[in-house]
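Offset between the sequence shown (1-based) and the numbering used here: plus 623.
Glycine included, C-beta positions come from ideal geometry on N, C-alpha and C.
Bear in mind that the values here come from a model prediction, so they are computed numbers and not experimental data.
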Amino acid sequence: MDELDNCNCEIPELRKIGPMIREMNGAFKKKFMACGIAVGLDEVTLMHSWIMGYLCHNQEKAVYQKTIESDFCIKRSTVTTILQLMEKKGYIKRVGVEGDARLKQIFLTEQGKEIAVRTRTMIDNLEKSVIEGIEEDKLDIFYEVAQKLVTNMNQ
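Written as structure tokens, this is what we have:
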């Protein structure tokens, strides 16, 4: 018989950060998709909306695949697949850079710009509903703790 089978000790349930982050992420994605469907943006994934928002916000600077890889901390193969799908859907265009055939600058199309603006509005409304009823001082603590968690994970 295994020694653990005879263990009569109580092991206190620890508060685990990982499962809570996963649960929050899943709940946010679910809510994002529901809100997207409600406003007619059901074709847009969360990652697509983040990238379109990023491109919209950074229109004045050159953005390449490598920029997205590093700023979003995602692998090259993943970014390639995402950008190919976004290009196929007409959200972005990739334009070769003169002097380096391998390098392609990424731009939002007019359709991508329009979706980025609509998505930004939807996300702003989503965020308002998510924090509804939470006092400002509690939100300050949440952001402070969340930032410390990110700092700790990046060490």
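Taking Arg717 as part of the beta strand (DSSP E), name the residues at either end of that continuous run.
-> As a working note, residue 717 is residue 94 in the sequence shown. Its beta strand (DSSP E) spans residues 715-720.
Collapsed DSSP secondary structure at Gln707 in the structure displayed = Numbered from 1 along the sequence shown, position 84 holds the residue referred to as residue 707. Assigned with DSSP and collapsed to three states, Gln707 falls in helix.
Name the one or two DSSP bridge partners that Leu731 has.
-> Along the sequence shown, one-based indexing puts residue 731 at 108. Answer is Ile715, bridged to Leu731.
Spatial neighbours of Met624 in its chain, beta-carbon cut-off 8 Å, leaving aside the 5 residues before and after | What you label residue 624 is simply residue 1 of the sequence shown in a count that begins at 1. Only weak support is given to the placement of Met624: the predicted model assigns it a pLDDT of 49, under 50, and the question is left unresolved by the model.
In three-state DSSP terms, what is Asn762?
-> Working through the sequence shown from its first residue, we reach residue 762 at position 139. According to the sequence provided, residue 762 is Leu. The question's Asn does not apply to it. Residue state for Leu762 is assigned as helix, using DSSP reduced to three classes.
Specify, as a first and last residue, the run of the alpha helix (DSSP H) that Tyr677 falls within.
-> As a working mapping, residue 677 is identified with position 54 in the sequence shown. Looking at the DSSP string, the run of the alpha helix (DSSP H) that includes Tyr677 is 669-680.
Cβ-based burial, Ser672 [other Cβ within 10 Å; buried from 16] | The residue you call residue 672 lines up with position 49 of the sequence shown. Result: buried.
In whole angstroms, what is the alpha-carbon distance linking Ile738 and Met656?
-> Taking the sequence shown and counting its residues from 1, the one referred to as residue 738 is at position 115. Taking the sequence shown and counting its residues from 1, the one referred to as residue 656 is at position 33. Roughly 14 Å separates the two Cα atoms.
Beta-carbon gap between Gln688 and Leu708 smaller than 8 Å | Taking the sequence shown and counting its residues from 1, one reaches residue 688 at position 65. Taking the sequence shown and counting its residues from 1, one reaches residue 708 at position 85. Going by C-beta atoms, Gln688 is not nearer than 8 Å to Leu708.
By DSSP, does Leu664 sit in helix, in strand, or in coil?
-> The sequence position of residue 664 within the sequence shown is 41, counting from 1. Looking at Leu664 - three-state DSSP - the assignment turns out to be coil, as it is neither helix nor strand.
Quick one: what does DSSP say Ala685 is sitting in, helix, strand or coil?
-> In the sequence shown, residue 685 corresponds to position 62, counting from 1. Correct three-state label for Ala685: coil.
Counting pairs of Cβ atoms below 8 Å between the stretch 666-683 and the stretch 713-729, do you hit three or more?
-> In the pairwise beta carbon analysis, the stretch 666-683 is classified as touching the stretch 713-729: at least three pairs are separated by under 8 Å.
Check whether the Cβ atoms of Val686 and Met745 lie closer than 8 Å to each other.
-> Position 63 of the sequence shown, counted from the first residue, corresponds to residue 686. Position 122 of the sequence shown, counted from the first residue, corresponds to residue 745. In this structure, Val686 keeps its C-beta atom at 8 Å or more from the C-beta atom of Met745.
Should Gly659 go down as buried or exposed, given a rule of 16 or more other Cβ atoms within 10 Å for buried?
-> Along the sequence shown, one-based indexing puts residue 659 at 36. The residue in question, Gly659, is buried, as its Cβ has 16 or more Cβ neighbours within 10 Å.
In terms of alpha-carbon separation, which member of Gln728, Val773, Asn777 lies closest to Glu710?
-> For the purposes of this step, residue 710 is identified with residue 87 of the sequence shown, where counting begins at 1. Closest option to Glu710, Cα to Cα, is Gln728.
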